[in-house]
Ligand code: 5AD
Ligand code: SF4
């Protein structure tokens, strides 16, 4: 019996798909070995952060209708953020009658039970009988306990994703996440430490701590004595050779205590993803971001004063309803000032039920021009900063064979930059000192310090 999981969206979803895979393995399913073989179950792990993510998922669920006709034994499940939106359950119920199981963001542990019920109802049903369909989207009150017992089938070696906090309390005015992922719930310190330890023992060279807002870790624990900075220090004190990254940080909650924990650690990477969204105070206020441009720039200075080589990435959104040309210029100016090593850029997409969706919208042509300009600018910044790496030696954790370069592997520096150099699949998971010899825009190229002969051969 084979399973196929189709994942949309962020790292949180990628990791939740690892939990879905863990549950399916427990039920006796194996990963689909080839696209030529028909799967017995397909799971769509969906995203609804922007309209295009949602449309892509719905389109692909539509395509499966034909597959299900060919193979009526196929089980089709839809999980993730999309299922948790207002009215989504009814839409799937009516328009996608061939979907067997719908699970919300805090219900994936129900998958084995619901597969059992679907199979039992199929076995018992006569031709005309209605088959059982599962719709579980309520927020379980014992979610954390259930989640701790969910098996994980990791798929991102040598990186292990580790959740530290679920949900979001921030309600940025454009964002659907707080509505589909519920309020913040932090895992216990011991559970996080145990998971990180077991990943290190299993040979994972890198752990990435996940949460919509990792900086507010612990705020929801009543007698809390551990905040995010303290958690970082405890993880840093664990034995073994490994690295730690975390995402995502919120500028309103990032502080000097966290920066000190990073700066004084050996294992926490000097790398931070700090979404700014916009460079204008008015737009930041309308977005309900709860920080100013000045505060944000102050954080960047503070981080760099403690960690001069820190790699900083961000998310930028253009075309928010109240963004004028002048506001957009403020964003351009901020991008020039900060010098991000990379930026994820988005066109604002109205999400039903969020305050910003009810505001008068900006024409698409304007959004398109603005996103084009910001991408071009950031590309030139990335290219310029890449050149600073040339001639230096950086420790790289090898992640994979390079997809586009035969005989090469790729991995990241501590600061998060992607490096490609000669190597083989045997190197995956190893730490290698690499001398950088060339930069091409966002990619750095080099040679392992202890294998200079590759220079002649490569
Ligand atoms: N439209 C466009 N981008 C969005 N993001 C969140 N909501 C929206 C939306 N409605 C972006 C933000 C966030 C990233 C994960 O997605 O930049 O940081
Ligand atoms: Fe969305 Fe804001 Fe929460 Fe991030 S912090 S998930 S952008 S509401």
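In this note's numbering, the protein residues as written are 1 to 458.
From the three backbone atoms N, C-alpha and C, an ideal C-beta is built for every residue, glycine too.
Assigned exposure category for residue i - 16 Cβ within 10 Å defines buried
i           : result
residue 21  : buried
residue 455 : In this prediction, residue 455 has a pLDDT of 49, which is less than 50 and means its spatial position is unreliable; what the coordinates show is noted afterwards. Result: exposed.
residue 404 : exposed
residue 1   : exposed
residue 30  : exposed
residue 3   : buried
residue 321 : buried
residue 17  : buried
residue 26  : exposed
residue 427 : buried
residue 257 : exposed
residue 43  : buried
residue 52  : exposed
residue 468 : Here the chain has residues from 1 to 458 only, and residue 468 is not among them.
residue 457 : Bear in mind that a pLDDT of 44 at residue 457, under 50, signals an unreliable position, so the model cannot answer this.
residue 286 : buried
residue 37  : exposed
residue 141 : exposed
residue 151 : exposed
residue 270 : buried
Whole-number beta carbon distance between residue j and residue i, since they are thought to touch under 8 Å
i           : j           : result
residue 424 : residue 288 : Contact doesn't hold; Cβ gap of about 50 Å is too wide.
residue 204 : residue 242 : 7 Å
residue 367 : residue 319 : 3 Å
residue 162 : residue 192 : 7 Å
residue 108 : residue 234 : With a Cβ gap of about 28 Å, residue 108 and residue 234 do not count as contacting.
residue 272 : residue 236 : Contact flag wrong, Cβ pair sits at about 15 Å.
residue 246 : residue 299 : Not really, about 15 Å apart at Cβ, beyond 8 Å.
residue 411 : residue 398 : 4 Å
residue 46  : residue 91  : Contact doesn't hold; Cβ gap of about 12 Å is too wide.
residue 158 : residue 407 : Rounded, the Cβ-Cβ distance is 20 Å, inconsistent with contact.
Helix, strand or coil at residue i according to DSSP, with G and I counted as helix
i           : result
residue 455 : Interpretation of residue 455 is limited by its pLDDT of 49, a score under 50 that renders its predicted location unreliable; no figure is taken from the coordinates.
residue 317 : strand
residue 290 : coil
residue 18  : helix
residue 33  : coil
residue 222 : coil
residue 476 : Nothing in the structure corresponds to residue 476, since the chain is present only between 1 and 458.
residue 140 : coil
residue 83  : helix
residue 411 : strand
residue 151 : coil
residue 75  : strand
residue 425 : helix
residue 134 : strand
residue 297 : helix
residue 448 : strand
residue 302 : helix
Given 8 Å as the limit, is there contact between the segment 427–439 and the segment 388–399, that is, 3 or more CB pairs closer than that? yes
At least three beta-carbon pairs within less than 8 Å, the segment 182–190 to the segment 48–57: no
Determine, using beta-carbon pairs with one atom in the segment 125–140 and one in the segment 250–263, whether at least three such pairs fall under 8 Å. no
Whether or not the segment 277–286 and the segment 322–331 are in contact is what I'm after, with contact meaning three or more pairs of Cβ atoms, one per stretch, closer than 8 Å; do they touch? yes
Unbroken beta strand (DSSP E) runs of length 3 or more, entirely within the segment 327–405: which are they? 342–347 and 393–401
Is it the case that the segment 93–105 contacts the segment 357–371, given that we only count it when at least three CB pairs across the two stretches are under 8 Å? no
Are there three or more Cβ pairs, one per stretch, closer than 8 Å when the segment 303–315 is compared with the segment 339–347? yes
At which residue ranges does the segment 150–236 contain complete alpha helix (DSSP H) runs of 4 or more residues, listed in the order of the chain? 177–181, 189–201 and 228–236
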